[in-house]
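>
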Amino acid sequence: MDIWAWTHTKKRELHEAGQDRLAEIMGDLPHWTCEDEHERAEALYNEGLALAREHDEKWVEVFLRHWHMQSQVLGLRNAHKLPEVIDLLNLSHQDETRDCPQRICAVQDLANCYGIKDGPAYFEERVAVAEETLAEINATWPCYCCISVEMIDAYLDVEDYATALEKVDLATRELAKVNDEPGQILMMKARALLGLGRADEALEALQSFSGAGYGLQVFRQAQQILCLVHIAREDWPQVEESLLSFDDAMSASVHFRHWVQIRYQLHQAGRFDVTGGFLREGRTMLRRLEEAGAAREALVVAGMLAQLAMSAGFWVVAEIALTAMHQQLPLLAKDLGASDEVAELERQLVAMKQALPALESSLTLEAFYALEFESEDEALHALMQAYARWPDEDDLVVRLAAMYEHVGAGDKALALLAESRDRLPESGAVERAYGRLLLNASGKEGFTAACPLDVAGLPPQVRVARLWNYVDLYRGSMPQRALECLEELLAIEPELPAAIYQRAVVLEQLERYDEAIASWQLLVDAFPEDSHLRWGLLVTATLAGHWELVREMAEVIGFRFEKGVALDEHDMGIVKVEFTDEHGDAQRCYAQRTGPATATIVDICQLGTPQRYGERLVFDPAPLNELSETDDEGRPCDLEGNYHFIYRNLKIVEAPGFSTFTLDGVHPGDERLEQLGAQLANLDVVLSRRSNDQYVLQLEPNAGNADASSEHTEELPGLFAYLLVPKDADLVAVDQCLEAFSGAQPHPLVWPELLEALGDAPRLERQADISKRYNL
Amino acid sequence: MSSQIKHTQVNLDGLLEVLGQNLYSTPAVALRELIQNAHDACLRYQLEAGHPKAFQIDLYTDPGNNVLVIQDNGSGLTRDEVGDYLATIGSGYTRILRQRTATDEMIGYFGLGFLSAYVVADKVEVYTTSYQEPESTWLFTSSGGKTFSISESASQSVGSRIVLRLKAGFSELSDSGVVSALVRKYCSLLPIPITINERPEPINNVTPPWAEQGVSPLQLKRRQMAFAELFEADYAPLACISLPENDLDLDGLLWIQDGSSYVSSDSRNVSVFIRNMFITDKEADLLPRWAGFVGLVVESPRFKPTASRESLQEDDYYRRVREFIREALVTGLRNLVLQEPEAWGRILVRHNQALIGAAVVDDRLFEATKRSIKLPTNTGEFTVPQLVKKSQGALYLKPEVAASSEDMLLAAQGIPLIKGYLYGVSAYCQKFSQLEGVRLRNLGTGEGQEQLLRRVTVSAVVEQRLTALFEEPDVDVRFAEFEPDEVPLVYFSNRDAIRKNRIESDEAASRISSAALSLARLHTRTIEQDKERIVYVNLLNPVIQKLSSLDGAITRDFANVVKCCVASAQDGDEKDDSMVTRLSTFGASMLTLMEQ
């Protein structure tokens, strides 16, 4: 059965049923997979799967899951997907799915997955599955080619090139019988011929494979095989032309092995110089394969990298590659000589390291620290020797661990620190470095398990270090716990400035201002020249309302205040204050700056946003913007065109809480509007006109017009205003005031939200009519 | 047999049909081609005549007579040139002049431009006076292009005047509104003013922002927005990004569209100009595929048009430009994040979902936006840093729509669950986890369960007692401590065991072929558990604590009541917090009963 014919029909049916998105994903998932755009494919998959399940489309589910596996397993070599592959096999062999043509492909996914875990070790099983599957179908199935490729790949994995070639010929003949092309099988043919040393024929095979229609993944695979063929033919210009770039190879792990193999063979031919840059790229690939559980491929790639690294003197990379090989050994299904290979490489590495230059025997530790190194390898080698010479120097341990981490050997760093912790139980530096690294690598759970907070009985410097690590852990999300750690820490080292500073910050976070002030004060006394600390004290004092202290700090910083005016009631110009809600959405409002760190909102906020008018607050006096630009008239502004500094709100001290209602209708004239404003002000209501002269109302003929003879649409100036009503105001009184005013005008006004708040449905309806008549 | 050289016969009718229907996507392109010729004639004058002149192109429309006139005050043509260049298809003087002077400013390429006149006009008249022979004016006349005549005409000033007597099907080219709109589209960046019907104001008085000089950054921003609006019929621009200086001779402007984008929707809007002449708006791929909400105007003399001059050749230069634009866009977005938070906020409101998918496929974009993109959760949208804070250092990803026990436990702790079943979200979280080292908890996996529920060991007595109460033929008992402690038990499916049982069943052998099944069983044989459900008994729960200390047959009844209540609560569709409240009430009642 032709899977693509079914796909086409299914997509059309889905479109017709209004399930366009699912139909789109059915097309896009295979497309992006074949194009080596696996992240794109991954972005679609869960959404597609959810939709297929929602609409109970079992065949579509099998289809999507198969293509997900094509991307994840075949492209990205993710052997950890084996359980999912088995689930797919099970799903695709149920009564309702067994006729789905993609069922065969699920079997292929399974064989692929074992091939990626350890291809040579599962050779027999892979061949058996392929043969069994091929017996179920014939060459008219599109799957015939894919299953044949998988079988030939198994033979290539065990280097049985002759049988591989036989299978190529067999499949090619079968396909020819149904007038089909061998397609991707030609790539397998080229590999088999290459293995048999028949490079010219391999080239011929590849030249007859156009690759058209298979997508970029197959194109890149073919390009790398072609490159290997050119290497075998020593056709160096062609090799140069067919090299796949690192970026292209990184699109899918399926390209890694050949990418490294090509450089390895070129190096052997004396045509490739191993550089640090190349090894970094190779290690990136190796790491991906390790993470994906592609044990055999990781082993092979690591082996080539180790040899290349050693050949150019990069012993650190060689050691990392060998460590990777060691880690793969237990993951292999069969050893097949892997242990011997690792042992041999290890011997070579030991010999290489023994030949490296040694530190001078007369070198002092101080002189060692003053040395400069030309490369990471050199520095690491020197540090390791120094560590061997002075193993009890904790600073050296920390430096060596940092260097390990720097070269990508984080696990070595952690192991060194863990071992040193036991050996140097009084070292705070080692404890601090270990905790930081562990927190980074294992998160909260790993850290708390290895470094319990119960520090009683530990040497003082270790207690301090561990408590610092806990402060780092807690200070963002659990300030109370951070404070407890800081208190404990300060009990050991009462004058530690960094701890006092952190305590001030955390206490302020906990709104324990008086205690925070005491901490700031200690710091200001100790470092009187540091204005940053004075600002810290000033802000906390402002939050606490300790105005004398605010004045004292502000005057030292350089502020001058009018006498007789409260410190938070000065006119220090207009600023903008930014409020951030729990979703991170920002609201910015104009405010009157009333003190060094205080302001009152003067902005009437739009409907639909929190009404902050009249709020008094404390802000962080470090501005969020710079007025580094100038506008057309030379006025300073920021890049967004703000003319005022923007500050972050720290705390709202007083929130009068206004409700916002609208007032709409024909403008009563400036004088009358002013009268209305005064009447409302008596009720503590703020009237704010929001419309300008461009707001013009279109009055339909005869609507609301005493002059019934008018036959034309009349244009009248409009008024749209906000009424800011205090939360505890008497809404009835406000309504009466508006009613009295409106009734005395030639054209009525409307205030529907206020009537809604009063629950006055009849008048609300009348105002709706007015709104209609005046096109409000 | 001797060979003979013969001329290929050209069927001009057929050729014009091909041009009209195939080479040029719309016959209106003829207008562009003729204006372009006029422009090149002006440049030729400048290059060859050697003295300055205020150039102008004037258009006249006469809808009553179906006439369009294109007039320029450029170089004009001599008698011989009329024969060489107007009467010979594919022979353009522009190409010769470009080669001779190495100028980049001339637009014409293939010498086919004039031919387009025949696509739209029955009769073409060209009155031309060359600057080389200003005293002689020539009239070239042709109907349909097959035959032509050249005669001397009444003297007129230097330049050319082309009169198109339009075919019936192209009469819209005699409408001044239509012509003005076309000129605005094709010629908006041409430096030579183009007027219509003697109106004083040129139709093409647009200065591109990259040509602006001596303006403040703020003025430039405003002009960029106004410029982008000219090219963005559907969506007003939200913010603009200039193309930085480059060695590609490339100028341009990017902008972010205002219309909301849906997942991978594609509204890329690209206008390409070559030497200031509009060529195409069909080169969306100059923008990255993920940039479905971005507009671009780009101008370069180095783009190579195809023969129709309505698309570009995808050569090495094209690819370099594409990469450069991608980088400029990502850097520009990054700058918006850092320097224009309000504009970025507006962009996020419109395009957050598309940006999630885009960041998945573009590492640089991911880097630029990772702190501000918001992910959808069951309690609203949050940035990853906010989620990490709310979720105590981890991201909880829910890959399926269906509710699970984990949802309930996490929701009760106020931890947002990220909707991993929406476009790009799951892939984005995985990427974030890999690149930033944030822990990702995939709900619905055994690993996720173990991370959520802290397994504890209990005394042998308690283990025996509670196991006896809660163990069932298909339920494995595990002991744990988890929040909220109102929940006494929680049941999960054991996917490994289910997989094992399905694959190792005799029934599987009847469905799945033997070699494949054997291969699958290689894996399932390594799975030890075979019970398909797991119950985690919460040792923090007061009822469980009480049960662990009770003896007697009634204890089993109490345990059954607990199981029934939990099962019913887990199956319910009520909100998670109300379920916890119910379980809390239930627990209190149970304790009272047990005390009695």
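Protein chains in written order, with numbering that gives the first Met the number 0: chain G, 0 to 775; chain A, 0 to 595.
From the three backbone atoms N, C-alpha and C, an ideal C-beta is built for every residue, glycine too.
From the DSSP output, in three-state form, read off residue 588 (chain G) for me.
Numbered from its first residue, the first sequence carries residue 588 (chain G) at position 589. In the structure shown, residue 588 (chain G) sits in a strand (DSSP, three-state: E or B).
> Using a 10 Å radius around the Cβ and a threshold of 16 neighbouring Cβ atoms, would you call residue 779 (chain G) buried or exposed?
The first residue shown for chain G is 0 and the last is 775, placing residue 779 (chain G) beyond what the model contains.
> Please determine if the segment 365-372 of chain A and the segment 389-408 of chain A are in contact, where contact requires at least 3 C-beta pairs separated by less than 8 Å.
no
> Evaluate the contact criterion for the segment 579-586 of chain A versus the segment 491-498 of chain A: three or more CB pairs, one atom per stretch, below 8 Å.
Too few Cβ pairs lie closer than 8 Å, so no.
> Could you check the C-alpha separation between residue 441 (chain A) and residue 419 (chain A) for me, to the nearest Å?
Looking up residue 441 (chain A) in the second sequence gives position 442. Looking up residue 419 (chain A) in the second sequence gives position 420. Between residue 441 (chain A) and residue 419 (chain A), the C-alpha separation is close to 9 Å.
> Identify whether residue 706 (chain G) lies in helix, strand or coil by the three-state DSSP scheme.
In the first sequence, the residue the question calls residue 706 (chain G) occupies position 707. Reliability of the predicted coordinates at residue 706 (chain G) is poor, the pLDDT of 49 falling under 50, and the value obtained from them is presented with this limitation in mind. In this structure, residue 706 (chain G) counts as coil in the three-state DSSP scheme.
> Between which residues of its own chain and residue 604 (chain G) is the CB-CB distance below 8 Å, once the five residues before and five after are set aside?
Counting from one through the first sequence, the residue named residue 604 (chain G) turns up at place 605. Excluding sequence neighbours, residue 604 (chain G) sits near 586, 588, 610, 611, 612, 659.
> For residue 308 (chain G), which option in G:345, G:335, G:339, G:328 has the closest C-alpha, if you only look at C-alpha atoms?
Counting from 1 along the first sequence, the entry for residue 308 (chain G) is found at position 309. Measuring from the Cα of residue 308 (chain G), the nearest candidate turns out to be G:345.
> Using a Cβ-Cβ cut-off of less than 9 Å, give me the residues of the segment 406-434 of chain A that come near chain G, in sequence order.
419, 420, 421, 422, 423, 424, 425, 426, 427, 429, 430, 433
> Thinking just about the alpha-carbon of each residue, which of A:143, A:139, A:116 is nearest to the one in residue 150 (chain A)?
Taking the second sequence and counting its residues from 1, one reaches residue 150 (chain A) at position 151. Nearest C-alpha to residue 150 (chain A): A:139.
> Are the beta-carbon atoms of residue 138 (chain G) and residue 169 (chain G) separated by less than 8 Å?
Here residue 138 (chain G) is taken as the residue at index 139 of the first sequence, counted from 1. Here residue 169 (chain G) is taken as the residue at index 170 of the first sequence, counted from 1. Going by C-beta atoms, residue 138 (chain G) is not nearer than 8 Å to residue 169 (chain G).
> Which whole runs of the alpha helix (DSSP H) in the segment 651-735 of chain G are 4 residues long or more, in chain order?
669-681
> Under 7 Å between beta-carbons, which chain A residues line up against residue 474 (chain G)? List them in chain order, please.
The residue labelled residue 474 (chain G) in the question sits at position 475 within the first sequence. In chain order: nothing, as chain A lies at least about 12 Å away.
> Taking 7 Å as the limit between beta carbons, can you name the residues of its chain near residue 382 (chain A), skipping five residues before and five after?
As a position in the second sequence, residue 382 (chain A) is number 383, starting the count at 1. Around residue 382 (chain A), the same chain offers 370, 371, 372, 373 as residues with beta carbons nearer than 7 Å, after the five sequence neighbours per side are excluded.
> Can you find a CB in chain G that lies within less than 8 Å of the CB of residue 218 (chain A)?
Working through the second sequence from its first residue, we reach residue 218 (chain A) at position 219. Chain G contact via Cβ: present.
> Can you name the residues of chain A whose CB is closer than 9 Å to the CB of residue 89 (chain G)?
Here residue 89 (chain G) is taken as the residue at index 90 of the first sequence, counted from 1. Near residue 89 (chain G) (Cβ distances below 9 Å), the residues of chain A are 498, 501, 502, 507, 510, 511, 519.
> So the candidates are A:152, A:69, A:360; which of them puts its Cα closest to the Cα of residue 426 (chain A)?
Counting from one through the second sequence, the residue named residue 426 (chain A) turns up at place 427. Selected option, being the one with the closest Cα: A:360.
> Taking the alpha helix (DSSP H) that residue 408 (chain A) falls in, what are its first and last residues?
What you label residue 408 (chain A) is simply residue 409 of the second sequence in a count that begins at 1. For residue 408 (chain A), the enclosing alpha helix (DSSP H) has its first and last residue at 404-411.
> Is the beta carbon of residue 488 (chain G) closer than 8 Å to that of residue 481 (chain G)?
The residue given as residue 481 (chain G) occupies position 482 in the first sequence. The residue given as residue 488 (chain G) occupies position 489 in the first sequence. Against a cut-off of 8 Å, the Cβ pair of residue 488 (chain G) and residue 481 (chain G) comes out as no contact.
> Are there 16 or more other CB atoms within 10 angstroms of the CB of residue 434 (chain A), so buried, or fewer, so exposed?
Numbered from its first residue, the second sequence carries residue 434 (chain A) at position 435. Its Cβ having fewer than 16 others within 10 Å, residue 434 (chain A) is exposed.
> Please look up how many angstroms separate the CB atoms of residue 217 (chain G) and residue 256 (chain G), rounded, as I've assumed it's under 8 Å.
Looking up residue 217 (chain G) in the first sequence gives position 218. Looking up residue 256 (chain G) in the first sequence gives position 257. Residue 217 (chain G) to residue 256 (chain G), Cβ: 16 Å. No contact.
> Does the beta carbon of residue 442 (chain G) sit closer than 8 Å to a beta carbon anywhere in chain A?
By one-based count along the first sequence, residue 442 (chain G) stands at place 443. Yes, its Cβ sits closer than 8 Å to a Cβ of chain A.
> Does the contact criterion of 3 or more C-beta pairs under 8 Å hold for the segment 33-40 of chain G versus the segment 60-78 of chain G?
yes
> Quick one: is residue 313 (chain A) near chain G, going by C-beta distance under 8 Å?
Position 314 of the second sequence, counting from 1, holds the residue named residue 313 (chain A). Not one chain G Cβ lies under 8 Å of residue 313 (chain A).
> Strictly under 8 Å for the Cβ-Cβ distance: is residue 630 (chain G) near chain A by that measure?
In the first sequence, counting from the first residue as 1, residue 630 (chain G) sits at position 631. True, the Cβ-Cβ gap to chain A drops below 8 Å.
> Between A:456, A:276, A:398, A:452, which has its C-alpha nearest residue 38 (chain A)'s C-alpha?
Residue numbering aside, residue 38 (chain A) sits at position 39 when the second sequence is read from its first letter. When each option's Cα is compared against that of residue 38 (chain A), the closest is A:276.
> Got a sec, what are the start and stop residues for the beta strand (DSSP E) residue 164 (chain A) sits in?
Here residue 164 (chain A) is taken as the residue at index 165 of the second sequence, counted from 1. Looking at the DSSP string, the run of the beta strand (DSSP E) that includes residue 164 (chain A) is 158-165.
> When the Cα of residue 67 (chain A) is compared with those of A:163, A:328, A:515, A:81, which residue comes out closest?
As a working mapping, residue 67 (chain A) is identified with position 68 in the second sequence. Checked all of A:163, A:328, A:515, A:81; the closest Cα to residue 67 (chain A) is A:163.
> Quick one: is residue 600 (chain A) near chain G, going by C-beta distance under 8 Å?
Lying before the first or after the last residue shown, residue 600 (chain A) is absent from chain A, which here runs from 0 to 595.
> What residues in its chain sit with their C-beta under 8 Å from that of residue 398 (chain A), if we drop five residues either side in the sequence?
Taking the first residue of the second sequence as 1, we reach residue 398 (chain A) at position 399. Cβ neighbours of residue 398 (chain A) beyond the five flanking positions: 419, 420, 425, 441, 442, 443.
> Distance check for residue 575 (chain G) and residue 685 (chain G), CA to CA, integer angstroms please.
Taking the first residue of the first sequence as 1, we reach residue 685 (chain G) at position 686. Taking the first residue of the first sequence as 1, we reach residue 575 (chain G) at position 576. Computed Cα separation, rounded: 21 Å.
> Please classify residue 549 (chain A) as buried or exposed, where buried requires at least 16 neighbouring CB atoms within 10 angstroms.
Translated into positions along the second sequence, residue 549 (chain A) becomes position 550. Exposed, because fewer than 16 other Cβ atoms sit within 10 Å of the Cβ of residue 549 (chain A).
> How far does the beta strand (DSSP E) with residue 276 (chain A) in it extend, from its first residue to its last?
Counted from its first residue, the second sequence places residue 276 (chain A) at position 277. First-last of the beta strand (DSSP E) with residue 276 (chain A): 276-279.
> Identify whether residue 79 (chain A) lies in helix, strand or coil by the three-state DSSP scheme.
One-based indexing of the second sequence puts residue 79 (chain A) at position 80. Looking at residue 79 (chain A) - three-state DSSP - the assignment turns out to be helix.
> Any idea what DSSP makes of residue 363 (chain A), helix, strand or coil?
Position 364 of the second sequence, counted from the first residue, corresponds to residue 363 (chain A). The answer is helix: DSSP assigns residue 363 (chain A) an H, G or I state.
> Any contact between the segment 225-245 of chain A and the segment 319-328 of chain A? By contact I mean 3 or more CB pairs, one from each, below 8 Å.
yes
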